[in-house]
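Undergrad: Using the working numbering, read the sequence shown as starting at 11 and increasing by one per residue. Dropping the structure in here first, questions after.
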Amino acid sequence: MTRRILVTRPEPGAGAPADRLVAMGFEPVLLPLTRIEPVNPSELPDPARYAAVAVTSANALRYAPAEFLARLKHLAVLAVGDRTAAAARHAGFATVHSAGGAIGELMALVADIVPSGERILHLTGVEKTPGLALGLEPGGVAVDQLEVYRAPGVSYPTDFLESLGREGAIDGALVLSPRAGALLADLARQPVFCEMIENAAIFCISRNAAASLPGEWSERISISSAPTEDAVLALLSAFH
């Protein structure tokens, strides 16, 4: 029987892992736990102030105001990982550097490329952690954050979850961020969904993502060797 794997990432990002799961012989079950909405900043900064642009999600490049993004394209993009770097190239940036997928690796990349005393612009979402600014500013690189999208949580009524459960139990779930893990844990407070995933293996992109999940799930949790989608999907290679 084909194993069913829960994908909680919102569109348009959910399609890529879902397609890869199908190719691996799994049945993806799409259940976005957030939705992505643009934010129209009331004030846009002067691009001339910045030595580079930092991006920690491809959504920032999808939802930033197009006219403002065009004014930034002479700057280098410092992306948290390869997926975000690909989105920057698709958006028309010529100089793009990719870190290894974790915020700490992005900090190291910025420190290597941006001289102390310079300022960078971080295109980000409303829901974020302050790690980048906190990590860089003591070293002399100033960070301005511009919120260009938001990702509110999505709730599902009991009758919808019951209909999903009638299609079969969930055998595994991808947790690709700490926030996704927290929202998955919240959803599991609904008995009908808790029953659906009570035996599911949980595949996490990082220790931080795993830490957002209930402690009683610990024996079912696997953590990828690197904070990338490739590494998470590699965990499923023997899960048939």
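For every residue, glycine included, the Cβ atom is placed at its ideal position computed from N, Cα and C.
Do the segment 51-67 and the segment 188-199 make contact, defined as three or more Cβ pairs closer than 8 Å?
TA: The segment 51-67, when compared against the segment 188-199, does not touch it at the 8 Å Cβ threshold.
Undergrad: Where does Ser247 fall in DSSP's three states?
TA: Correct three-state label for Ser247: helix.
Undergrad: With which residues is Val152 paired in a DSSP beta bridge?
TA: Contrary to the premise, residue 152 reads as Ala rather than Val in this sequence. The partner list for Ala152 (beta bridge, DSSP) reads Arg129.
Undergrad: Alpha helix (DSSP H) containing Leu31: first to last residue?
TA: First-last of the alpha helix (DSSP H) with Leu31: 25-33.
Undergrad: Suppose the cutoff is 6 Å on Cβ atoms and the five residues either side in sequence are ignored; what does the same chain contact list for Ile207 look like?
TA: Excluding sequence neighbours, Ile207 sits near Ile180.
Undergrad: Thr105 and Ala68 - do their beta-carbons sit closer together than 8 Å?
TA: No.
Undergrad: Could you tell me the distance, in whole angstroms, from the CA atom of Asp92 to the CA atom of Arg217?
TA: C-alpha separation (whole angstroms): 20 Å.
Undergrad: Looking only at C-alpha atoms, which of His84, Glu239, Leu197, Thr66 sits nearest to Thr168?
TA: Thr168 has its Cα closest to that of Leu197, out of His84, Glu239, Leu197, Thr66.
Undergrad: Taking one C-beta from the segment 230-239 and one from the segment 34-44 each time, how about it: are there three or more such pairs within less than 8 Å?
TA: Segments in contact, no.
Undergrad: In the DSSP output, what is Val39 paired with across the bridge?
TA: Its beta-bridge partners are Leu16.
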